[in-house]
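J.: When you read off a place in the sequence shown, starting at 1, and then add 5, the result is the number in our numbering. Backbone N, C-alpha and C define an ideal beta-carbon position, used for all residues, glycine too. Note that the structure is predicted; figures quoted are calculated from it, not measured. One structure, pasted below without further comment.
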Amino acid sequence: MRSLWVLISELATKRHRRLTALMTLWLCCVLLIPAPAIAKSQVLIIIDDVGYRPSDTQTLTLPTPVTLSILPDTPLASAVAAQAARQGRDVMLHLPMEADSGYKLGPLALTADMYPHTIADTLRQALRSVPNARGINNHMGSRLTRERLPMQALMQAVKKEGLFFIDSRTTPDSVAATIAENTGIPTAIRDVFLDHEHSEAFLQQQMALLVRIAKKHGLGIGIAHPHPLSVDFLRRTLPQLKHQGVELISVSDLFAPATPSRWEPEPKRRLTLAPQ
Ligand SMILES: [Zn+2]
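Structure, rendered in structure tokens:
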């Protein structure tokens, strides 16, 4: 910088006035115009439905920002939750909720006929098998997440536990995230299911969609499942994201400024809904 001013001064003394003026103008522009902010593109990946199959433990080999969402009271729930904690990996509770399909929901599911206190009790019980859960997302729930009263009861209980909520969005009519936000819970919505068809081509297509969403809106939230094909695909693909200018983040990264720990029950800041 100093040598530039010296050069300008020298040119001025040599009476190259026009050139001196132009250089001064250029220098002022360089100094005064702020560099454009580089928008961040972030991707959050949650693997849910974890807990039943021995092969689910392979999810623990994925990069640690990948969050595992664990079904309560399943054979591997506590072991996977504990191992994830040792890795510094975030875990969530994947809470079963009633679906239109009538599919079997597994233990500790929420149903539309439950009283509010039963919903709160079921959540507390489910958290016992995933005690380090930082938040929850719904397993199925196409029926229950449309219902305002059960969702209000659930979100009150979620708030009391100091957790966040991510809507898996198993129905476009879900009111869960809106009610979570109105309750003052940090919340977000799943953008892309990555692997509801089991093929490499489909996984590639869905990952490309997730990256496009992240680049457009700054954040893309993807949900995948612990199928060996999906785990293998993610293990190969996720380290490449940074070459596309995309950062892989964890749920802690997403909610850290906003989310209190489970032992600090009052949320400090609300999070706006992620783009769909
Ligand atoms: Zn599920």
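Quick one: Cα of Leu113 to Cα of Gln210, how far?
T.: 34 Å
J.: If we define contact as Cβ-Cβ less than 8 Å, is Asp126 a contact residue for chain B?
T.: Here there is only one protein chain, and chain B is not present.
J.: Look up Val197 in the DSSP assignment and say whether it is helix, strand or coil.
T.: In the structure shown, the three-state DSSP call for Val197 is strand.
J.: Tell me the DSSP secondary structure of Glu205 in three-state form.
T.: helix
J.: Taking only runs of the beta strand (DSSP E) that begin and end inside the segment 70-157, which ones reach a length of at least 3 residues, in chain order?
T.: Counting only runs of 3 or more, we get 72-75, 96-102 and 140-145.
J.: Hey, Thr64 and Pro231: beta-carbon distance below 8 Å or not?
T.: yes
J.: Let me confirm a value: Ser266 is counted as buried when at least 16 other C-beta atoms fall within 10 Å, else exposed. Which label applies?
T.: Unreliable positioning characterises Ser266 in this predicted model, as indicated by a pLDDT of 44, which lies under 50. A coordinate reading is not provided.
J.: Is the beta carbon of Asp95 sitting closer than 8 Å to the one on Ser147?
T.: no
J.: For Leu98 and Ile141, which I take to be in contact (beta-carbon distance under 8 Å), what is that distance rounded to the nearest angstrom?
T.: 5 Å
J.: In angstroms, rounded to a whole number, what distance separates the CA positions of Ala261 and Asn137?
T.: 15 Å
J.: Tell me where the beta strand (DSSP E) around Asp61 begins and ends.
T.: Run containing Asp61: none; DSSP gives neither H nor E here.
J.: Rounded to whole angstroms, what is the Cα-Cα separation between Ala82 and Thr192?
T.: 23 Å
J.: Assign Glu166 to one of three DSSP states: helix, strand, or coil.
T.: coil
J.: So Leu253 packs on Ile50, CB below 8 Å; how close in whole Å?
T.: 7 Å
J.: Determine, using beta carbons only, whether Pro155 and Met119 come nearer to each other than 8 Å.
T.: yes
J.: Based on Cα-Cα distance, which residue from Thr79, Ala229, Thr176 and Ala182 lies nearest to Gln282?
T.: With the chain covering 6 to 281 only, the question about residue 282 has no answer from this structure.
J.: Any idea if Arg174 is buried or exposed, counting beta-carbon neighbours within 10 angstroms, 16 or more meaning buried?
T.: buried
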